[in-house]
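The next block holds one structure in the form of structure tokens; read it before the comments.
Numbering (the numbering used here), first residue to last: 164 to 763.
What follows is the structure, given as structure tokens:
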């Protein structure tokens, strides 16, 4: 095909903008538009999205999107595939933005008298009709198609439907690769203007972040390659006009830097995955951590560093929040790096050489320090977002994920152990986390690693529970997490009342318990199911009015596997279930160790 395009570059494809819609199809489309929410409602949601939501993901550059949005309403035309495709993008954005309402700035659950649930349903009904039309008329796809599918995934992810999110990112990734978003040569050779090319690069950057995030959480193989080609990363420094600063002459941070750093963070950990092994390689984990500190952390721009330069915070209102999102991602990765320390059986640990046992104990404190920092970052983010009720999964899921390993550590009678001032490593190797060696200036765990206490960890888990219970008033995801966390805290409290010598290894590390499924409360199926808090059976996402269907490249309902209303909230915590047994020990194994022994 490359040779064909060299001879006839435009013969094998039509320009999406000029792809006409047959008259009978256009009539169907116009009939479908009657189901749309009113212009006033759509304007409200688009305005709310631009001011309150877009900075979380930065998939769209507001001036670029708003210019096209205004032109679409001026023309109000659906005579080409591009015009229909852009309308779908608008409706996807409305659905996504509505998930953040009510909010501190808008405290009611309706817009212009129309309930938010009805608005979402109206948007989804239109998307359900228009999506397949675009796919049929122009199978190849476009940048806008990738963007609108991605927003469908974000809407699913924002309410904890991680499997649906994964399916949508799968759809978006396939379209992106089909149109060459992963190839700089294709982007550079495109006839699009420079701003459109920049949006293409930003879209691929975001896809890489979400692909990496979901692959880790769901223990899947990523859709996109591990290596991130620097040539396809965003290049422009686009600053809000309102700050009155020249982006070309000033050292003001680029507002998209957070997303680029998130992509680089994902790339680092994807390229440093430890091989699956029955026995965890504690030395390899330490070496990866030291490399992370000396390479990634040491090269972070000052405005985004863990000890940041805050001189631009008042000029860029979203900079503080974006920095916090990056820090949360960093400590999530550190938790995942050290989580295998709580999954090792006692006999495995005792067979290790003494220096490895020392490193294993040190790794447990590193896990605790990372989890505590993660909870601190999440709490700060929640405060920055108004400190009120929210369904944002970026607050709910990390809160749960950080609390669980802390409780696992507290169930271990040997934790926290004696503080290690120094220790030998293999061949005289010092450990980067305060045990000699390492680059201390970029060591985020060193300050707390020798001061972690059991009481501090238990209190942090209780604070996490309190946050989830508060958020459960508006989020079923938070409700499920709160119920699960409450049961784990109760069980850990019971263990701490027993003298350490009377606690068997099975009670601490799992095995031989009463099984998964306890009486009452939330059902945690850790042996054969994949649901947390759902009814009996049904492993799909909670789809509400969205019916089950095959995995396609269009409406969210086409990408929702399974059925079972009420069964899907569990997908918010995909690490609870057998589906997570994969490349490395996941929270499924970790919770299995707890729940099997506690009889949950």
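No residue lacks a Cβ here, since even glycine has one placed at the ideal position from N, Cα and C.
Of all C-beta pairs linking the stretch 383-393 to the stretch 447-457, fewer than three are shorter than 8 angstroms, placing the two stretches out of contact. For the pair residue 277 and residue 204, the CB atoms are nearer than the 8 angstroms cut-off. The stretch 287-295 makes no contact with the stretch 259-267: fewer than 3 CB pairs, one atom from each, lie closer than 8 angstroms.
When the five nearest sequence neighbours on each side are left out, the beta carbons in the same chain lying within less than 7 angstroms of the beta carbon of residue 537 are those of 491, 494, 495, 498, 561 and 565, in order along the chain. Excluding residues up to 5 positions away in sequence, 222, 252, 255, 256, 258 and 259 lie with their Cβ nearer than 8 angstroms to the Cβ of residue 314 in the same chain. About 28 angstroms separates the Cβ atoms of residue 487 and residue 437, ruling out a contact at the 8 angstroms cut-off. Cβ contact annotation for residue 528 (same chain, cutoff 7 angstroms, sequence separation greater than five): 579, 612 and 615, in chain order. In the structure shown, residue 509 adopts helical secondary structure according to DSSP, grouped into three states. Only exposed fits residue 269, as fewer than 16 other CB atoms lie within 10 angstroms of its CB. Secondary structure at residue 183: strand, using DSSP grouped into helix, strand and coil. Between the alpha carbons of residue 548 and residue 554 lies a distance of about 12 angstroms. In its chain, beyond the 5 residues on either side, 523, 526, 527 and 530 have a beta carbon closer than 7 angstroms to the beta carbon of residue 504. The beta carbon of residue 445 is closer than 7 angstroms to those of 519, 522, 523 and 526 in its chain, skipping five residues each way along the sequence. Short of 6 angstroms from the beta carbon of residue 484, and not among the five residues preceding or following it, lie these beta carbons of its own chain, in chain order: 547. Residue 652 is not a Cβ neighbour of residue 617, given a cutoff of 8 angstroms. Distance between residue 570 and residue 576, taken at the CA atoms: about 12 angstroms. About 6 angstroms separates the Cβ atoms of residue 620 and residue 572, confirming a contact at the 8 angstroms cut-off.
Contact between residue 189 and residue 241 is confirmed by a C-beta separation of about 6 angstroms, below the 8 angstroms threshold. Residue environment analysis places residue 369 among the buried positions, since at least 16 neighbouring C-beta atoms fall within 10 angstroms of its C-beta. Taken through DSSP and simplified to helix, strand or coil, residue 266 comes out as strand. When the alpha-carbon of residue 427 is set against those of 462, 230, 514 and 551, the nearest one is in 462. In the same chain as residue 634, and ignoring 5 residues on each side of it, the C-beta atoms closer than 7 angstroms to its own belong to 552, 553, 559 and 641, in chain order. Residue 377 places its beta carbon less than 8 angstroms from that of residue 329. Going by DSSP, residue 433 is part of the alpha helix (DSSP H) stretching over 420-434. Its Cα nearest to that of residue 207, the residue 273 stands out among 198, 250 and 273. Burial check for residue 250: the Cβ neighbour count within 10 Å reaches 16 or more, so the residue is buried. Following the DSSP letters along the chain, one finds residue 449 inside the alpha helix (DSSP H) bounded by residues 445-457. Residue burial is scored here from C-beta neighbours: residue 550 has fewer than 16 other C-beta atoms within 10 angstroms and is therefore classed as exposed.
Just measuring C-alpha positions, the residue of 311, 464 and 500 sitting nearest residue 434 is 500. When only Cα atoms are considered, residue 217 and residue 346 end up about 26 angstroms apart. CA-to-CA, the gap between residue 655 and residue 320 works out to about 30 angstroms. According to the DSSP assignment, residue 315 belongs to the alpha helix (DSSP H) that extends over 306-321. Here the alpha carbon of residue 302 sits roughly 16 angstroms from the alpha carbon of residue 333. Judged by DSSP secondary structure, residue 230 falls within the alpha helix (DSSP H) whose first and last residues are 225-238.
Contact check for residue 232 against residue 209 passes: the beta carbons are separated by less than 8 angstroms.
373 is the residue among 418, 373 and 305 whose C-alpha sits nearest the C-alpha of residue 325.
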